[in-house]
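In what follows, a structure is listed as C-alpha cells, so that the remarks can point back to it.
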Amino acid sequence: MKTGDWPPMKTHRTVLRACLSILVVTFLLPGLSLGWGNTWMGLNLEQAYSALRWRTGLLRGSGVFNLNNAGYSSDIYYGSTSEPVPDGTVAAGLNLRAMLPLEKKIVFDVSASPQYLFYLHTEAERAWNGIFGGNVHFVGDRLYFLASGEYRNTRERVAAELDVNVRREQIGLIGLTLWQVSKDVSFALQARRSSFDYNDSGGIGIRENLNRVEMFVNLRAYLQQVPRTRFSLDAEYGTYAFTADPTALRDSRSYSLYGGIEFIPRTEAGAEVRGISGTILLGYGRIDIRDPAQRDYGGLAGSSRLSVNLIRHLSVRGFYSRSAQFSVFSGIAFYLQTSYGAGLTRFLSRRLDLSYDVSFNSSDYSVSGAESDPPPEASNLYTAHSFRIGIQLKRNLSVTLLANLSTRSSSALIPAGGRNFFGFSLSYGSSPGTTAFISDPIAR
514 MKTGDWPPMK THRTVLRACL SILVVTFLLP GLSLGWGNTW MGLNLEQAYS
564 ALRWRTGLLR GSGVFNLNNA GYSSDIYYGS TSEPVPDGTV AAGLNLRAML
614 PLEKKIVFDV SASPQYLFYL HTEAERAWNG IFGGNVHFVG DRLYFLASGE
664 YRNTRERVAA ELDVNVRREQ IGLIGLTLWQ VSKDVSFALQ ARRSSFDYND
714 SGGIGIRENL NRVEMFVNLR AYLQQVPRTR FSLDAEYGTY AFTADPTALR
764 DSRSYSLYGG IEFIPRTEAG AEVRGISGTI LLGYGRIDIR DPAQRDYGGL
814 AGSSRLSVNL IRHLSVRGFY SRSAQFSVFS GIAFYLQTSY GAGLTRFLSR
864 RLDLSYDVSF NSSDYSVSGA ESDPPPEASN LYTAHSFRIG IQLKRNLSVT
914 LLANLSTRSS SALIPAGGRN FFGFSLSYGS SPGTTAFISD PIAR
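Quick note on the numbering used here: the sequence shown kicks off at 514 and runs consecutively.
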C-alpha cells in the first residue's frame with residue numbers, strides 16, 4: 514500500500530453521506546404499519562418489550578442489581594508490577610432499561626449501567642463507571658430502522674497486553690436499516706462511529722497510541738429458511754483516525770468479509786436452554802496501515818461462540834476469536850490476538866449447577882513492525898481456569914461462587930504474570946435484555 518493510494522477525508526465524508534442517504538430514503542419508503550411489523554428485528558424488539566416486568570401503562574422497564582467478583586485477588590495487576598499487589602475487590606452496579614412505544618411504530622428505548630469499583634486497600638483504584646444508551650426504533654411492516662447512541666466512561670484494563678486500569682471515554686453512534694424482502698431473506702445496512710479517549714498511565718503514552726475515531730459501514734444479507742437457524746454474509750469497510758498522534762502514522766483502514774450462522778434455541782421460562790445456541794461468524798479481515806513503511810495484515814478473522822445442550826442436564830460450550838488489535842506500545846501498530854476455550858456445565862437440579870472453563874489468549878507481534886526490519890518475535894500466552902457453582906436462591910436472586918486461576922508467559926514486551934481469584938457474584942432482578950445490532954466480530 515502506498516501513501517498516495519490513501520483515500521482523502523473528502524472520500525470518507527462522501528461514503529458517510531451516501532450511507533445516511535440510503536438510511537433516510539429507505540425509511541421514508543412506504544411500509545410503516547400498525548403492529549410490530551414482519552421483520553425479525555421488529556419481532557425481537559417485541560419480545561424484549563414483553564419481557565420487561567415493570568409496567569405503567571405503555572411504559573415498561575426492568576433492572577438487575579449485580580455484585581461482580583466480590584472476593585480476594587492475589588494480584589490486581591496480574592504481575593505487571595515489580596511486586597504482587599493482593600487486595601479485596603468488588604464491582605457493584607445496576608443494569609436498567611426502559612421502553613416506551615408510540616402506537617408501536619416508534620419505540621423509545623433507554624438504558625443505564627452505573628457501577629462502583631471498590632478495592633479494600635488500593636484506594637487509588639476505586640472508581641465509578643457509567644454506561645448510558647438511547648435508542649429510537651422505527652418499526653414498519655417490512656422495514657426496521659434504528660438510531661442509537663451510547664456514552665461510556667469507565668476505568669478498566671486497557672487490554673490483555675497491559676494489566677493496568679485506565680480511564681476510557683467512548684462515544685458511539687449507530688444507524689441501521691433492515692429490509693425484510695421476504696419471509697426468508699432480509700438485508701441490513703449499518704453505519705457506526707466511535708470515538709475513544711484514554712488517560713495516560715505510567716508514561717506509556719496510551720493516549721497517543723490508542724486515542725482514535727473509528728467509522729464502519731456494514732452490508733449484511735440474511736437467509737432464514739428454518740425457524741431457529743439464520744445464515745448471514747457480511748461485507749465491512751472501516752477507517753481508523755488516531756486523533757492524539759501528530760504523525761498520523763497509525764491511521765489505517767480495514768476490509769472484511771464474513772460468513773455466519775446463528776443458532777436460536779427453543780426456550781421455556783424456568784427451564785434449561787435445549788439444543789444449540791450461539792453464533793459462528795468467520796471470514797477474511799485485512800488492515801492496511803497508512804504508513805507505507807509498516808507491515809499490513811490479512812488473514813482469518815472473526816469470532817464464534819457455541820453452546821450445546823443435547824444431553825439432559827449437561828451443557829458444553831466453546832469459543833474462538835482472531836483479529837488484529839491496536840497496541841498500546843510505541844513503534845508497534847498492532848498485534849494478532851487469538852482467543853479460544855471450552856467449558857461445560859452440569860445441572861444438578863433446577864437451582865444448582867457446576868461449571869468449569871479453560872481459556873487461552875495469545876498475542877503475536879510478528880505480524881507488525883517496519884517492513885525493513887525483521888518481524889518482532891515477541892509473543893505471550895494467557896491461560897485461565899475457571900470454576901463456578903451457581904445457586905438459584907429465588908426466582909430473581911442467584912449467587913455464583915467463583916475461583917479463577919490464571920497465568921501469563923513472559924515475552925520481550927510483557928513480563929510473566931497472572932493471578933488467582935476466589936470470591937462470588939450475586940444477581941438480583943430480571944435481565945433487561947439487549948438491542949439487536951450488526952455485531953462486530955473484531956472489535957478493537
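Even glycine gets a Cβ: it sits at the ideal position worked out from N, Cα and C.
On a predicted model such as this, the values are computed, not experimentally measured, just so you know.
Between the beta-carbon of Ser790 and that of Trp553 there is about 16 Å, and that puts the pair past the 8 Å contact cut.
Bounds of the beta strand (DSSP E) holding Leu572 are Leu572 to Ser586.
At a Cβ-Cβ threshold of 8 Å, Gly942 and Arg610 do not count as neighbours.
Asn724 sits buried, since 16 or more C-beta atoms from the chains shown fall within 10 Å of its C-beta. Distance between Arg763 and Arg568, taken at the CA atoms: about 49 Å. Distance from the CA of Ser940 to the CA of Tyr750, rounded to the nearest whole angstrom, comes to 39 Å.
Taking 8 Å as the cut-off, the Cβ atoms of Thr920 and Thr896 count as close. Put simply, the backbone Cα of Ser816 is about 21 Å away from that of Leu689. Within the segment 651-737, the complete beta strand (DSSP E) segments of 3 residues or longer fall at 656-672, 675-693 and 698-711, listed in chain order.
About 34 Å separates the Cβ atoms of Gly882 and Asp870, ruling out a contact at the 8 Å cut-off. Per the C-alpha coordinates, the member of Glu682, Arg681 and Val652 positioned closest to Gln693 is Val652.
The residue among Asp809, Asp747, Ile793 and Thr792 with its C-alpha nearest the C-alpha of Arg799 is Asp809.
By the neighbour-count criterion, in which 16 or more other beta carbons inside 10 Å mark a residue as buried, Phe658 falls on the buried side. By the Cβ test, the segment 902-911 is not in contact with the segment 553-564, since fewer than three Cβ pairs between them sit closer than 8 Å. Scanning Leu607, Asp877, Gly931 and Gln838 for the CA closest to the CA of Phe578 turns up Leu607. DSSP places Gly844 outside any beta strand (DSSP E), giving it a letter other than H or E. C-alpha of Ala837 to C-alpha of Met728: approximately 16 Å in a straight line. Annotation: Glu884 is outside any alpha helix (DSSP H) and is labelled neither H nor E by DSSP. The way I'd put it, the segment 921-933 does touch the segment 576-591; three or more beta-carbon pairs between them come closer than 8 Å. Here the segment 886-896 does not lie against the segment 818-825, with fewer than 3 beta-carbon pairs under 8 Å apart. Glu775: member of the beta strand (DSSP E) spanning Ser765 to Phe776, first to last residue. Only exposed fits Ser923, as fewer than 16 other CB atoms lie within 10 angstroms of its CB. Comparing alpha carbon positions, the residue from Gln703, Leu675, Glu775 and Gly796 closest to Ser840 is Leu675. Every beta strand (DSSP E) of 3 residues or more that sits fully in the segment 823-862 is shown, in chain order, as 827-839 and 847-862. Taking each of Val730, Arg830, Gln850 and Leu572 in turn and checking the Cα distance to Arg787, the smallest one comes out for Arg830. Here the C-alpha atom of Lys618 lies approximately 42 Å from the C-alpha atom of Asp866.
Counting the other Cβ atoms within 10 Å of the Cβ of Leu849 gives 16 or more, which makes it buried.
Ser843 is not a Cβ neighbour of Gly936, given a cutoff of 8 Å.
Here the alpha carbons of Met612 and Gly662 stand approximately 15 Å from one another. Non-local beta-carbon contacts of Leu910 in its own chain, meaning distances under 7 Å to residues more than five positions away in sequence, involve Tyr941 in chain order. Under the three-state reduction of DSSP, Leu558 is assigned to helix. By the neighbour-count criterion, in which 16 or more other beta carbons inside 10 Å mark a residue as buried, Thr742 falls on the exposed side.
Between Leu770 and Gly796 a beta carbon distance of about 5 Å is seen, short of the 8 Å cut, so the two are scored as contacting. Contact between Ser879 and Pro888 is confirmed by a C-beta separation of about 4 Å, below the 8 Å threshold. Nearest C-alpha to Asn551 among Asn642, Asn582, Leu656 and Val598: Leu656.
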